[in-house]
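Protein chains: 2
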Amino acid sequence: MGRGSSVLTRENGPQPADFADVRATNLAVVLRHLRTHAPCSRADIAATTGLNKATVSSLVTDLIDRRLVREVGMTENRIGRPAVMLVLDGSPYAAVGLEINTDYLTAVALDLAGERLLSWRRAFTGTAGQPGQAIAALAALARRTVSKLSHDGRRVLGLTVAVPGLVDADGVVELAAGLGWQRVDVRKSLLAALGEPGYPLLVENDANLAVLAEQRLGDQSGAGDLVYLTGGASIGAGIISDFRLLRGARGFAGEFGHLPLDPAGPACGCGRRGCLEAYAGVGAVIRRALPDVGIETALSPSEFGPHMDEIQRLAKSDDPHVLAALTETGGHLGHGIAILANLINPACVVLGGYFTELAPWLIPAASSELAARSAAADSGGTIIVASALDSSAAAAGGATRVLDAIDAGLLPTPR
Amino acid sequence: MGRGSSVLTRENGPQPADFADVRATNLAVVLRHLRTHAPCSRADIAATTGLNKATVSSLVTDLIDRRLVREVGMTENRIGRPAVMLVLDGSPYAAVGLEINTDYLTAVALDLAGERLLSWRRAFTGTAGQPGQAIAALAALARRTVSKLSHDGRRVLGLTVAVPGLVDADGVVELAAGLGWQRVDVRKSLLAALGEPGYPLLVENDANLAVLAEQRLGDQSGAGDLVYLTGGASIGAGIISDFRLLRGARGFAGEFGHLPLDPAGPACGCGRRGCLEAYAGVGAVIRRALPDVGIETALSPSEFGPHMDEIQRLAKSDDPHVLAALTETGGHLGHGIAILANLINPACVVLGGYFTELAPWLIPAASSELAARSAAADSGGTIIVASALDSSAAAAGGATRVLDAIDAGLLPTPR
DNA sequence: CTTAGTTCGTTTACCGTCCCAACTAAAGAC
DNA sequence: GTCTTTAGTTGGGACGGTAAACGAACTAAG
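If you read the sequences in order, they're chains U and S.
Mapping to the numbering used here: the first sequence position 71 is 71, numbers consecutive.
Mapping to the numbering used here: the second sequence position 44 is 44, numbers consecutive.
Here it is, written out as structure tokens:
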């Protein structure tokens, strides 16, 4: 392949192009077309993409050699020569995503077509401030996952780890409040623990990965401007703008939970006052909706689930106090989303995590608050929806990230 | 040239690549290298970019044919064969940027190397709600500018209009509160008024263009994550993230002035309460710093200049009331910038417009507020600086935008 | 002055990729 | 059975980047 990145970009530094780049780009074009339009024929691809029929034939041959694409039969009952239908060949490859969170580890594997191969979840007694143990557990899960996939005859194309915290470009976790981590080089440690595996291993913020999953696997698939809000122990935003993840200069973009709303507001776990999280975080929601939960009691992450289930149950039975609490929470959330909408103008904000199941009660209040606080008419077109994915969104996003790299032209070598 | 965009991208839709794209990419690589490293030789370019010497020769010949590059003499007193030095040829082309604002029109033209060819400013008695007249005045200015450049033997490569308001992707101004505009198709009207000129004509938000100017011409040249804040009648943010303008789904990103801070805050011109603009906008600054200016009096944009000069004079003479007012303003600005920093994590926030001259007094307070409210340590690396450009930043950015298109590979045809 | 060494830029041959047009292939339509 | 229609392949041509060899133009040193 070419000199550096295999796809031509319009970025800053001089990045010359050669034929290998053209080839990689066009292979990726065919692959992406097949992902969204499969099954279809070579002629279809040529007509839709504008590539020449001969070029498509050559590209498809190449993709079949790499076992990325498979022929699956022919069209029938149509005038003219029958077409050979093509699909992505899921079978020989797998993309892996892992998530580490305060109280669980998750592993998800997808095949090339985005079909879920496995989805494991493991309770995890948070080893606060003990990154070593957590990484060992993560490595064990990774090994089990990779081994299962290898046993099924699949080659792992890459592995991405989701971490709820600030992750820099080199895979170092600068800060993960929920885990009690600071400056932990997860990528390096995990690479060592796995014995320098051959596939690419990356570490990324959980919200960033969740938004990738939502873009590819959720209802918003294909959206170019999209935000995902995690509703876990903290509130993070994964932002896709113009089809690209927004990371910021140091990779710290999307710190939604600690948006400073009101310097005189309630105390936040981060030591400041008036953070959005203090208004709309899971802890705030529970305390507001369930008066029985003492203010003084520190909530442990493992208690969130039962409490949230209880809130949902009460909301379903139209408990007035809970409904009012959710309306208030939705309003605060809408306030934060309005800030987001004014700055980023996404087409859609997806409520994830614990927000997902409460979405029916949160969204009306949030939407009206958003409308009231948007500079642009019609909220600038931003809508708020519930996530279509479950709590494995971040892990699924980790696998998605691997697939995105394939789609961008980083194809696996023929053998 | 190729099928669509002339540069290969990794974007969503299938965008096949062919030879023309490779050529355009490499021509642009040479051009960009020459822009930043001129004067230099063919051999330098080949060594630095990684392109083959023969390829560079071919590319340079092409660029010389297009009159984009010029040979400018030889190296001396060096061992080995002397090298022919190359520079960008500024002379045959020009890029034009126009700005319309509440009380003035501006025209700026740059040559290919970014040197300023002309810089015109014209007082403009705001024709509120009369877009027709404003566009006629704009067209007249455009005609004069283009005619002057043509008279100097220059070909206009493109023209971009900066408008202080929400501009969609088609050049329609959805809303420009300061101008009293709503749904004005500036691009179409101006194209008609200019008789469908041959060069590309675009309309863009003023803050978006100013940040482009800051990136290319200002102190932050080359930065990939950068925000520019306009300090005019309203506060807009132009955001560059990962080397690209952040526009949002409908092009409405960067509505910084109407960030909703406090629902119980002071009334804002937009009809809401507690917008950042109501705390840190020019009007708020003037009223806070100059008690003589009555609260009831509506400030007209043409009064801003004298008032701000007065504030600056008083600040220089250490007037305690003005210093306190600026510190308070800087704090509010820092609050807003903290929100920005938490969501976008830029490397740098540039204070433009009227903020520029007050920056020495605003920045300390803003920086400490930013530090106090940032989730990431060290404010996530975000620093606040004063703009190095004058009030023509947006217009200069319009011209810059044209140069960016050239740098991205959209070269003018040989004749 | 001559020779060696260095660097620049071009020339030449080559290769890979895409495009076009012509071709073969395989079905239904009449 | 022939014609029409559509699918996919083949061969030729063009283009552009690569590599190595070459001539050009200079300095350094004997």
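A virtual CB, placed ideally from N, CA and C, is assigned to each residue, including glycine.
Taken in chain order, the members of the segment 208-228 of chain S whose beta-carbon sits within less than 9 Å of a beta-carbon on chain U are Gly222, Ala223, Gly224, Asp225, Leu226. The continuous alpha helix (DSSP H) containing Glu310(U) extends over residues 301-316.
For Thr49(S), the enclosing alpha helix (DSSP H) covers residues 42-49. Linking Leu202(U) to Leu209(U) through their CA atoms gives a straight-line distance of about 11 Å. Judged by DSSP in its simplified three-state form, Thr106(S) adopts strand. Listed along the chain, the chain S residues whose CB falls inside 9 Å of the CB of Val172(U) amount to none; the nearest CB is some 13 Å away.
Under the three-state reduction of DSSP output, Asp185(U) falls in the strand class. Not a single CB atom of chain S sits nearer than 8 Å to the CB of Phe304(U). According to the DSSP assignment, Arg116(U) belongs to the beta strand (DSSP E) that extends over 116-123. Across the structure, Gly180(U) and Ala376(U) are spaced so that their CA atoms are roughly 40 Å apart. A direct Cα-to-Cα measurement between Ala136(U) and Asp170(U) gives close to 20 Å. Annotation: Leu27(S) to Leu276(S) spans about 44 Å, alpha carbon to alpha carbon. The alpha-carbon of Ala20(U) is positioned some 27 Å away from that of Thr36(S).
Cβ neighbours of Arg122(S) within its own chain (closer than 7 Å, five residues either side excluded): Tyr104, Leu105, Leu141.
A residue is called buried when at least 16 other Cβ atoms come within 10 angstroms of its Cβ; Asp152(S) does not meet this threshold and is exposed. Rounded to whole angstroms, the gap between the alpha carbons of Gly254(S) and Gln215(U) is 23 Å.
Secondary structure of Gly238(U) (DSSP, three-state): strand.
Straight-line spacing of the CA atoms in Ser91(S) and Asp292(S) works out to 52 Å. Going by C-alpha positions, Leu358(S) is about 34 Å away from Ala249(S). Interface with chain U (8 Å Cβ-Cβ cutoff): Leu34(S) is excluded.
By alpha-carbon distance to Ile339(U), the top candidate from Thr356(U), Arg313(U), Ser367(U), Lys316(U) is Ser367(U). Around Thr329(U), no beta-carbon contact reaches into chain S at under 8 Å, the shortest distance being about 16 Å. Of the candidates Cys348(U), Ser58(U), His335(U), Leu290(U), Leu290(U) places its Cα closest to the Cα of Ala315(U). Scanning chain S for C-beta atoms nearer than 8 Å to the C-beta of Pro266(U) yields nothing, as the closest lies near 15 Å away. Under the rule that a run must span 3 or more residues, the beta strand (DSSP E) segments found entirely inside the segment 359-400 of chain U read 383-386. Chain U has no Cβ within less than 8 Å of the Cβ of Glu204(S).
In the DSSP assignment, Thr160(U) is bridged to Gly97(U), Leu202(U).
By DSSP's assignment, Tyr279(U) forms no beta bridge with any residue. In this structure, DSSP gives Glu174(S) an extended state, which the three-state scheme calls strand. Flagged as an interface residue toward chain U: Ser241(S), by a C-beta distance shorter than 8 Å. For Glu71(S), the pairing in a beta bridge is given by DSSP as Leu86(S). When the alpha-carbon of Ser150(U) is set against those of Leu118(U), Leu411(U), Thr125(U), Gly251(U), the nearest one is in Leu118(U). Following the DSSP letters along the chain, one finds Val349(S) inside the beta strand (DSSP E) bounded by residues 348-351. Contact check between the segment 342-351 of chain S and the segment 383-397 of chain S: three or more CB pairs, one atom from each, fall below 8 Å, which counts as touching.
Rounded to the nearest angstrom, the gap between the Cα atoms of Leu110(S) and Thr400(S) is 8 Å.
With the criterion set as a beta carbon lying under 7 Å from some beta carbon of chain U, the segment 106-140 of chain S has no members that meet it.
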